[in-house]
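The structure appears below as structure tokens.
Numbering (UniProt numbering), first residue to last: 1 to 282.
Written out as structure tokens, the structure is:
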């Protein structure tokens with residue numbers, strides 16, 4: 001990220017707080033953009049320059065339309081510049097759950113609160129066609145199956161396509177405002193005993209149960225106690241929700257493999273293949 005982009009982000013923050021702004025921490029690049037800690041008088045803000053316009057538009061939409069209903073559990077949007085594209089948001093207290101070594105009781109409490117928070121997000125009224133969403137997801141899966149064809153077995157391809165066929169045929173799955181990267185790295189736990197949620201650049205209207213995929217495929221298999229704690233807060237899954245989650249696991253498998261192949265990420269490839277190997281025939 002160029003110094004010019006950082007300077008423009010600082011200027012965006014300066015106009016927002018009407019006071020001089022300086023860097024509070026070096027810029028930190030990651031997969032979806034660059035994060036910058038900004039100091040305005042005695043306040044620390046977070047600036048973000050998105051890697052693509054679509055990520056920017058999704059995050060801005062979420063902060064303007066959905067997150068105000070989640071109160072202090074999420075950052076607040078202060079400014080946005082679609083030309084940069086970038087945003088300035090408030091900070092929220094806490095440390096990502098995946099960076100903490102919590103005792104089991106506290107960890108379960110955190111996941112219980114995460115379930116409550118995601119339920120609140122999913123209850124925000126939205127309008128979208130479930131059929132269009134399932135067909136879109138099946139089409140995206142087919143795209144990734146073709147892209148990764150040389151790395152999939154014939155059985156693996158048939159299995160993925162059957163899951164997507166069943167997904168597209170589901171009767172009226174729940175549709176919701178979704179975060180779509182809902183996992184411990186984006187869940188902050190603070191000493192006040194409260195959970196916060198950050199990073200909405202992947203958010204959009206989607207199938208509600210698909211928002212549980214990262215937790216289900218990366219954590220619940222070896223920590224069923226966290227699944228129980230989360231669902232106690234979120235609420236029980238219907239048979240339709242469970243079907244969506246099963247089929248979304250197939251999508252997670254092929255997209256993980258594709259991501260790993262594009263970025264030389266052996267960990268993602270192994271994760272995707274492990275998911276695919278563990279998928280039952282629907």
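Think of the CB as a built atom: it goes at the ideal place given N, C-alpha and C, for glycine as much as any other residue.
Alpha carbon of residue i to alpha carbon of residue j, nearest angstrom
i: residue 253; j: residue 180; result: 15 Å
i: residue 45; j: residue 107; result: 28 Å
i: residue 55; j: residue 238; result: 31 Å
i: residue 211; j: residue 242; result: 12 Å
i: residue 138; j: residue 165; result: 7 Å
i: residue 113; j: residue 95; result: 15 Å
i: residue 105; j: residue 84; result: 43 Å
i: residue 219; j: residue 182; result: 12 Å
i: residue 63; j: residue 192; result: 24 Å
i: residue 229; j: residue 2; result: 44 Å
i: residue 225; j: residue 126; result: 31 Å
i: residue 235; j: residue 170; result: 21 Å
i: residue 9; j: residue 231; result: 39 Å
i: residue 82; j: residue 154; result: 44 Å
i: residue 208; j: residue 4; result: 39 Å
i: residue 263; j: residue 49; result: 21 Å
i: residue 222; j: residue 103; result: 16 Å
i: residue 37; j: residue 68; result: 22 Å
i: residue 80; j: residue 203; result: 16 Å
i: residue 117; j: residue 6; result: 33 Å
i: residue 265; j: residue 150; result: 17 Å
i: residue 57; j: residue 132; result: 21 Å
i: residue 227; j: residue 61; result: 29 Å
CB-CB length for residue i against residue j, believed under 8 Å
i: residue 12; j: residue 86; result: 7 Å
i: residue 245; j: residue 216; result: 6 Å
i: residue 130; j: residue 172; result: 6 Å
i: residue 88; j: residue 16; result: 6 Å
i: residue 66; j: residue 124; result: 5 Å
Cβ-based neighbour list, residue i, same chain, cut-off 6 Å, excluding 5 preceding and 5 following
i: residue 39; result: 22 and 24
i: residue 128; result: 175 and 205
i: residue 276; result: 156 and 253
i: residue 52; result: none
i: residue 14; result: 21
i: residue 283; result: In this structure the chain extends from 1 to 282, so residue 283 is not present and cannot be described.
i: residue 91; result: 44 and 46
i: residue 19; result: 40 and 41
i: residue 240; result: 173
One or two residues paired with residue i in a DSSP bridge
i: residue 43; result: 40
i: residue 51; result: Bridge partners of residue 51: none, in fact.
i: residue 81; result: 86
i: residue 178; result: 204
i: residue 33; result: 30 and 50
i: residue 57; result: DSSP, once it has assigned bridges, lists no residue as partnering residue 57.
i: residue 21; result: 40
i: residue 237; result: DSSP lists no partner for residue 237.
i: residue 96; result: 188
i: residue 195; result: 189
Distance cut-off 7 Å: residue i Cβ against heavy atoms of the ligand SAH
i: residue 181; result: As far as ligands go, the structure on display features none, and thus does not contain the ligand SAH.
Sub-8 Å separation of residue i and residue j beta-carbons
i: residue 198; j: residue 75; result: yes
i: residue 27; j: residue 34; result: yes
i: residue 189; j: residue 110; result: yes
i: residue 148; j: residue 279; result: no
i: residue 281; j: residue 152; result: no
i: residue 70; j: residue 121; result: yes
i: residue 195; j: residue 73; result: yes
i: residue 119; j: residue 233; result: yes
Spatial neighbours of residue i in its chain, beta-carbon cut-off 7 Å, leaving aside the 5 residues before and after
i: residue 168; result: 134, 135 and 138
i: residue 97; result: 110, 184, 187 and 189
i: residue 213; result: 245, 248, 249 and 252
i: residue 258; result: 144, 147 and 148
Sequence-distant residues of the same chain with beta carbon closer than 8 Å to residue i, five excluded per side
i: residue 256; result: 268, 269, 271, 272 and 275
i: residue 142; result: 161 and 164
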